[in-house]
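Colleague: Below you'll find the structure I mean.
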Amino acid sequence: MPHPAPSHHRTERLDQDHDGIRRAARLLRQGGLVAFGTETVYGLGGLATSQRTVERIFQAKGRPSFNPLISHFASAEAAFAEADMTIPLRDMAYALAQRFWPGPLTLILPRHAESRISQAVTAGLETLAVRVPKGRAVEELLRLTGEPIAAPSANRSGRVSPSTARHVLDELEGRIDAVLDTGPCTVGLESTVLDLTGPHPILRRPGGVTLEELHDICGSTIVVEQGAADGSTPRPNAPGQLSSHYAPSLPVRLDATHIQPGEAFLTFGTQQTEGPQPDLTLNLSPDGNVEEAARRLFASLRQLDQAANRQGLTGIAVAPLPEAGLGRALKDRLQRAAAPRPADQTSPPA
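Numbering (my numbering), first residue to last: 5 to 354.
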């Protein structure tokens with residue numbers, strides 16, 4: 005069943021100076037909801053140890069309660085304290101943390117029997133999704149809060165992830181207590197999700213740490229999970245697995261080499277379309293730089309969606325993108341943006 009809408013009140017906008025970060029940490033300790041920037045996207049944070057606070061996160065986003073959340077920590081030691089580290093891949097977990105934390109990698113680990121993380125965070129699963137994010141402000145915020153913070157992306161469920169504080173306020177103004185404005189996100193795509201609960205590591209979601217980088221630690225043992233070919237949405241066993249996600253209001257068509265009537269065009273590098281040229285075009289990276297394209301993806305989808313709606317266009321065509329490195333994560337986000345979506349996800353944000 006959908007969550008009831010939270011009561012509306014003014015959302016405080018905080019600067020990323022020390023006073024702003026201290027204020028954000030105090031609100032979090034008091035059970036408030038605070039959005040903040042990480043290196044990936046803006047997260048909507050609340051105490052991961054408080055079921056009531058976590059329920060408020062789901063309500064503010066309109067997120068289904070069966071979709072688990074990532075818990076964020078100030079250190080690897082704090083993250084691993086909540087997990088059962090008697091697993092076969094324990095040494096791999098420590099090696100990955102040493103290499104990539106703080107950074108855009110989430111590890112799925114068995115939940116410790118005495119973990120303080122609310123079961124609302126884990127959606128009733130016996131696993132935890134844990135991460136140590138990177139960024140001066142978020143690292144200080146987590147240290148000052150002194151508690152694990154559950155934080156999905158700070159947007160309405162299913163819609164385009166936010167990479168600036170303005171994006172957060174466009175969708176969640178009045179639904180959360182504050183947003184800590186830490187500027188544009190430097191990676192721009194959500195974290196990689198790697199499951200270490202079994203005999204082999206499983207890549208549940210590509211993200212800011214590439215598969216090639218993971219191979220440096222894990223070797224060739226990684227199993228790459230494939231999404232449902234029919235666009236169906238099975239019950240997630242990790243965050244970020246819903247088949248329809250990251251969606252603008254207009255339908256998205258991938259690997260486009262020509263433009264259909266009524267379509268805006270999201271392109272990359274020097275690619276040109278065959279036939280009639282689009283009335284509205286936005287380039288993720290004119291130089292063909294995948295890292296720049298990743299940083300700009302969500303902001304570009306928002307910008308193009310809004311401009312296309314103003315011009316009365318009816319869809320967004322996306323040019324072919326590279327599939328190696330960060331291109332794999334770009335492709336994943338765009339495939340989910342293009343997937344069939346629930347009826348309540350097809351209208352522009354209120």
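Built from N, CA and C at the ideal position, the CB exists for glycine as well. Model, not experiment: these values are computed from the prediction.
Please state whether DSSP places N241 in a helix, a strand or coil.
Modeller: coil
Colleague: At the level of alpha carbons, what is the spacing between R67 and R160?
Modeller: 7 Å
Colleague: So what does DSSP say about P8, is it helix, strand or coil?
Modeller: At P8, the pLDDT of 41 sits below 50, so the modelled position is not reliable and the matter cannot be decided from this model.
Colleague: What runs of the alpha helix (DSSP H), each 4 residues or longer, lie entirely inside the stretch 99-154?
Modeller: 123-126, 140-149
Colleague: Tell me where the beta strand (DSSP E) around T196 begins and ends.
Modeller: 196-199
Colleague: For E359 and V294, I'd like the C-alpha separation in whole angstroms.
Modeller: No answer is possible for residue 359: it lies beyond the span of the chain, which begins at 5 and ends at 354.
Colleague: Would you list the residues sitting across from H3 in a DSSP beta bridge?
Modeller: Past the edges of the chain, shown from 5 to 354, lies residue 3, and the structure says nothing about it.
Colleague: How long is the line joining the alpha carbons of G329 and G212, rounded to whole angstroms?
Modeller: 9 Å
Colleague: What span of residues does the alpha helix (DSSP H) with R26 cover, start to end?
Modeller: Counting along the chain, the alpha helix (DSSP H) containing R26 begins and ends at 22-33.
Colleague: Using 8 Å as the threshold, is the C-beta distance between V172 and T42 below it?
Modeller: no
Colleague: Exposed or buried, G223, counting other C-beta atoms within 10 Å across all chains shown (16 or more means buried)?
Modeller: exposed
Colleague: Using DSSP with H/G/I as helix, E/B as strand and the rest coil, what is D283?
Modeller: coil
Colleague: Between which residues of its own chain and R33 is the CB-CB distance below 8 Å, once the five residues before and five after are set aside?
Modeller: L51, T149, G150, E151
Colleague: Ordered along the chain, which non-local residues of its own chain (more than five positions away) have a Cβ less than 6 Å from that of D259?
Modeller: P324
Colleague: By how many angstroms is the C-alpha of L288 removed from the C-alpha of R300?
Modeller: 6 Å
Colleague: Taking C-alpha atoms, which residue in E216, A155, D309, E175 lies nearest to V58?
Modeller: A155
Colleague: From what residue to what residue does the alpha helix (DSSP H) around V38 run?
Modeller: Counting along the chain, V38 falls outside any alpha helix (DSSP H), though it belongs to the beta strand (DSSP E) covering 38-41.
Colleague: Assuming R337 is part of the beta strand (DSSP E), what are its boundary residues?
Modeller: Careful: R337 lies outside any beta strand (DSSP E), inside the alpha helix (DSSP H) at 330-342.
Colleague: Which value, in whole angstroms, describes the spacing of the CA atoms of S119 and A127?
Modeller: 14 Å
Colleague: Going by CA-CA distance only, name the one from Q63, D21, S69 that's closest to P240.
Modeller: It is S69.
Colleague: Return the Cβ separation of A321 and Q264 in integer angstroms, given the expectation that the two are a contact with Cβ distance under 8 Å.
Modeller: 7 Å
Colleague: According to DSSP, is A172 helix, strand or coil?
Modeller: Per the sequence presented here, residue 172 reads as Val, with Ala not at that position. Correct three-state label for V172: helix.
Colleague: Taking only the alpha-carbon atoms, compute the straight-line gap between A78 and G139 and give it to the nearest angstrom.
Modeller: 11 Å
Colleague: Nearest CA to the CA of V45: which residue from A298, R332, N313, G319?
Modeller: A298
Colleague: Measure the C-alpha to C-alpha separation of F62 and T261 and round it to an integer number of angstroms.
Modeller: Spanning the two alpha carbons is a distance of roughly 39 Å.
Colleague: Among R14, K335, A29, D21, whose alpha-carbon lies nearest the alpha-carbon of R209?
Modeller: K335
Colleague: So who's on the other strand from L270, going by DSSP bridges?
Modeller: L286, V322
Colleague: Between L358 and P114, what straight-line distance do the alpha-carbon atoms span, to the nearest angstrom?
Modeller: Past the edges of the chain, shown from 5 to 354, lies residue 358, and the structure says nothing about it.
Colleague: With burial defined as no fewer than 16 other Cβ atoms inside 10 Å of the residue's Cβ, what is the status of Q281: buried or exposed?
Modeller: exposed
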